[in-house]
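A.B. asks:
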Amino acid sequence: MTRIFKAFAVAVAIVAGNLGFKLAAQEGDPVEGARIAAELRSIRPAEETRWRGEFKQKAADGSRISIPVTCDILIQSNRWLASYVTQALPGRMAEKLVIVRSDDGSTEYLHWQAGDDGAFPLEPRRLTGAAAAIPFAGTDFLLTDFGLEFLRWPTQKLLPGEMRRGFPCYVLESVNPRPDASYSLVRSWIEKEHLGLMLAEAVGPTGEHFKEFTAGSFVKDAEGNYQLKDMEMRTRGTGWTRLEFDIEGK
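Here it is as structure tokens:
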């Protein structure tokens, strides 16, 4: 498992497939599904990490924008934190997100948006659960995407395994107890050896597959480790956001 892929896989979610079809919940093993989800929730980064990159966004009207972002993974005795900070651009304020994952299983989202003076407020918005399902920095990524919030839903079903990109994967179906929420169901493909999130399908309240994420290419860094170079999030009818990592800047 590469450093960026491992750090990011425990901090971001939502993935892959063709848009515009109905996706209904399937039968599966809820006991094994709950076990896999719990194991994924328990993963902690092995080391503190910093990376820089850019959100490259294309809107439905074809306009494009690039938003620089910095991420820090911080490890504490009873919790770990993932901090994401974007730079301000004309017409778009800087934003900061800190996801706090405690060993007791709780997750809290701390969100700041800079004011007209460019400064972040002293106190963040403190959000949990569905309240955090809001876009980050105007991109296609929600705060809850970075926190893998779907792994906390009570219904987790393990479906028959499949191959994805040459890797044997668990297929986990997570069903939202609030079907009127932004995601009613998430189906994810988890690489078995390292429990890395490979793919997923996000389904809206009416059963339409409306959001996709695709993990991109890998490159070898100066230390000889393979690092994830980019990933892409698409929202049906509104465009896409690609997150590109500056591997050389690590």
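Here the working numbering is used: the first residue of the sequence shown is 1266, the next is one more, and so on.
Note that CB positions come from ideal geometry on N, CA and C, so glycine has one too.
The model shown is predicted, which means the values in this text are computed figures rather than measured ones.
Taking the C-alpha atoms as reference points, what is the distance between D1368 and R1417?
C.D. replies: About 14 Å.
A.B. asks: Keeping to the same chain, check which residues put their C-beta closer than 7 Å to that of P1419; ignore five residues upstream and five downstream.
C.D. replies: Cβ neighbours of P1419 beyond the five flanking positions: P1442.
A.B. asks: Just how far apart, CA to CA, sit M1358 and G1426?
C.D. replies: Whole-angstrom Cα-Cα distance: 43 Å.
A.B. asks: Going by C-alpha distance, which of G1370, D1382 and P1386 is nearest H1376?
C.D. replies: That would be P1386, whose Cα lies nearest to the Cα of H1376.
A.B. asks: Among V1365, G1380 and A1379, whose alpha-carbon lies nearest the alpha-carbon of E1373?
C.D. replies: Answer by Cα proximity: V1365.
A.B. asks: When the Cα atoms are used, what is the spatial distance from D1511 to M1463?
C.D. replies: Using only the alpha carbons, I get a separation of about 20 Å.
A.B. asks: Helix, strand or coil: how does DSSP classify P1295 here?
C.D. replies: Three-state DSSP puts P1295 in a helix.
A.B. asks: Please state the DSSP three-state secondary structure of E1312.
C.D. replies: Residue state, collapsed to three classes: coil.
A.B. asks: Grab the span of the beta strand (DSSP E) containing L1407 for me, first residue to last.
C.D. replies: Note, L1407: premise wrong, no beta strand (DSSP E); not H, not E.
A.B. asks: When you compare each of A1446, F1478, C1434 and F1475 to E1458 by their alpha carbons, which one comes out closest?
C.D. replies: It is C1434 whose Cα lies nearest to the Cα of E1458.
A.B. asks: Are the beta-carbon atoms of S1449 and L1437 separated by less than 8 Å?
C.D. replies: No, Cβ-Cβ distance for S1449 and L1437 is not below 8 Å.
A.B. asks: Considering Cα atoms alone, identify which of F1401, S1371, A1353 and V1363 is closest to E1384.
C.D. replies: Inspection of the sequence shows that residue 1384 is occupied by Ala rather than by Glu. Checked all of F1401, S1371, A1353 and V1363; the closest Cα to A1384 is A1353.
A.B. asks: What is the rounded straight-line gap between the Cα of R1499 and the Cα of D1337?
C.D. replies: Cα-Cα distance, rounded: 25 Å.
A.B. asks: If we define contact as Cβ-Cβ less than 8 Å, is R1306 a contact residue for chain B?
C.D. replies: Considering every chain present, this structure includes no chain B. It has just one protein chain.
A.B. asks: Where do the ends of the beta strand (DSSP E) carrying S1453 lie?
C.D. replies: Run containing S1453: L1450 to E1456, per the beta strand (DSSP E) assignment.
A.B. asks: Locate the beta strand (DSSP E) running through R1499, then write down its first and last residues.
C.D. replies: Run containing R1499: D1495 to T1500, per the beta strand (DSSP E) assignment.
A.B. asks: Quick one: residues in its chain with C-beta nearer than 6 Å to the C-beta of E1297, no 5 flanking neighbours on either side, listed in chain order?
C.D. replies: The residues are L1423.
A.B. asks: Taking DSSP's pairing of strands, which residues face G1507 in a bridge?
C.D. replies: Looking at the sequence shown, residue 1507 is not Gly but Arg. The partner list for R1507 (beta bridge, DSSP) reads K1321 and E1497.
A.B. asks: Are the beta-carbon atoms of I1332 and A1402 separated by less than 8 Å?
C.D. replies: In contact: I1332 and A1402 (Cβ atoms closer than 8 Å).
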